[in-house]
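Asker:
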Amino acid sequence: MEAVVVEDLVKVYRGGIRAVDGVSFSIAEQEVFGFLGPNGAGKSTTIKCVIGLLRPTSGRIRVFGVDVEKDPGIAKRTIGYAAQETAVDDQLTGWENLYLQGRFYRLSREEIRRRGEEVLRLFGLWERRNDLAQTYSGGMLKRLDIACALLHRPRLLFLDEPTLGLDVQTRKAIWDYIRKLREEQKMTIFLTTHYMEEADELCDRVAIIDRGRILALDRPGALKAALGGDLITLKFASADDRVPSLLSAIRALPGVRDLRSSPDGVHWIRVEQRGDRLIPELVQLALAHGVPVDSVRLKRPTLDDVYLHYTGREIREAASSREEHVRARILQRRVRR
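The opening residue of the sequence shown carries number -12 in this note's numbering; numbering runs sequentially from there.
#1: Which stretch, first to last residue, makes up the alpha helix (DSSP H) that contains H139?
#2: Go to S124, then tell me how far its alpha helix (DSSP H) extends in each direction, as first and last residue.
#3: The beta strand (DSSP E) that contains I66, what's its start and end?
#4: Quick check on DSSP: helix, strand or coil for T370?
#5: Quick one: which unbroken alpha helix (DSSP H) runs of 4-plus residues sit fully inside the region 186 to 222? Chain order, please.
#6: Once DSSP output is grouped into helix, strand and coil, what is the label at D132?
#7: Determine the direct distance from the alpha carbon of G67 to that of R140, and round the result to whole angstroms.
#8: Sort Q17, K222 and G39 by Cα distance to L168 and report the nearest one.
#9: Per DSSP, which one or two residues make a beta bridge with R47?
#10: My guess is that V10 and L23 are in contact by the Cβ rule of under 8 Å, so how many angstroms apart are they, rounded?
#11: State whether the region 173 to 193 contacts the region 28 to 45, with contact taken as three or more CB pairs (one from each stretch) at a distance under 8 Å.
#12: Have a look at A186 and A136 and give me their C-alpha separation to the nearest angstrom.
#13: Output the distance between the C-alpha atoms of S13 and G21, rounded to the nearest integer angstrom.
#14: Taking just the CA atoms, how far does A74 sit from R320?
#15: With 16 other CB atoms within 10 Å as the buried threshold, where does F110 fall?
#16: Which term fits T122, buried or exposed, when burial requires 16 or more other beta carbons within 10 angstroms of its beta carbon?
#17: Taking C-beta to C-beta, are G125 and L79 nearer than 8 Å?
Set out below in structure tokens:
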């Protein structure tokens, strides 16, 4: 049985904003499925429709064979959800946050005690269970938030940007917890992220979504292999009216499959085979056009390149902007204490 099946999902908000536009996909049991896309791409809206927080405009969603719209209560009992920003109450202890979550799911005191200890130990929070959440670090708050989402033992866990705004060490610790959940508890995980490395490390398959549509869906390795060849990143020392003619000449070179440019003057050149053989020719061509080369770099395709190929832009800018927003929210919470 598939854990999730989404068919022709459409969500239109008031004012005619089409946040999700005919999205279809399925997720196998025990799979880690990744959703990649910038802010406003439709990731969170899709998740909220799947877990029953939003009603779709049209389309059909099934979770473990249950129609989410017809039987939302049954579907929700199999789902755990940790949103982008933690839903932890700062004025409660870690244990009290878990207890409150357990009562929402009508768990008995004994069940909450037993399961609460289990998830707190899993996330390394047992020793801090009686401390107020306001004394926790950002990484601890995120771990507690995920622990709350696991208390009722869901078969399917949604993690919306689980490591956004966290330092590298904490981010990789969260990765280890996600692997444990899949391997030890046989859990299906739906993960949205801005981080290409995160998707590459954790996900069995990834979908690239932009403007409410899925542009590509496959295993990370298959998506990278489909681009083929090498990628040359080129930047010129100056930007003037000679650059467009130079770019046209580069496009006409044998072996050049694609050339894309960003507003900040970075040019990505996809070549069919070995890019190191083309670099000297590129440099000579630039000098012949009177455009000095500032930098040139050669690399194999990554998920960043896949994302750029399908969307025409990098995801890093959106990730940086979102990280700054999250960090500002954390700082505001600390100032108010």
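Every residue gets a Cβ at the ideal spot worked out from N, C-alpha and C, and that includes glycine.
Answerer: Taking the structure as given:
#1: Against the sequence shown, residue 139 aligns to sequence position 152. Segment: none, H139 is in no alpha helix (DSSP H) and carries neither H nor E.
#2: For this step, residue 124 is matched to residue 137 along the sequence shown. Element bounds for S124: n/a, residue is neither H nor E.
#3: Translated into positions along the sequence shown, residue 66 becomes position 79. First-last of the beta strand (DSSP E) with I66: I66 to A69.
#4: The structure shown does not extend to residue 370, since the chain is modelled only from -12 through 324, so no value can be given for it.
#5: 207 to 214
#6: In the sequence shown, counting from the first residue as 1, residue 132 sits at position 145. Of the three classes helix, strand and coil, the one that applies to D132 here is helix, per DSSP.
#7: The residue you call residue 140 lines up with position 153 of the sequence shown. The residue you call residue 67 lines up with position 80 of the sequence shown. Looking at the two C-alpha atoms, the distance is approximately 8 Å.
#8: For the purposes of this step, residue 168 is identified with residue 181 of the sequence shown, where counting begins at 1. Answer by Cα proximity: Q17.
#9: Position 60 of the sequence shown holds residue 47. The partner list for R47 (beta bridge, DSSP) reads E(-6).
#10: Stepping through the sequence shown from its first residue, residue 10 is reached at position 23. Stepping through the sequence shown from its first residue, residue 23 is reached at position 36. With a Cβ gap of about 13 Å, V10 and L23 do not count as contacting.
#11: yes
#12: Along the sequence shown, one-based indexing puts residue 186 at 199. Along the sequence shown, one-based indexing puts residue 136 at 149. Each residue's alpha carbon lies about 21 Å from the other.
#13: Sequence index remark: in the sequence shown, residue 13 carries index 26 (1-based). Sequence index remark: in the sequence shown, residue 21 carries index 34 (1-based). Approximately 12 Å, taken between the alpha carbons.
#14: In the sequence shown, the residue the question calls residue 320 occupies position 333. In the sequence shown, the residue the question calls residue 74 occupies position 87. Low confidence applies to R320: its pLDDT is 49, below 50, so where it sits in the model is not reliable, and the reading given next is rough at best. When rounded, the distance between both Cα atoms is 13 Å.
#15: Numbered from its first residue, the sequence shown carries residue 110 at position 123. By the neighbour-count rule (16 or more Cβ atoms within 10 Å), F110 is buried.
#16: Working through the sequence shown from its first residue, we reach residue 122 at position 135. With fewer than 16 Cβ atoms within 10 Å of its Cβ, T122 is classed as exposed.
#17: The residue you call residue 125 lines up with position 138 of the sequence shown. The residue you call residue 79 lines up with position 92 of the sequence shown. Going by C-beta atoms, G125 is not nearer than 8 Å to L79.
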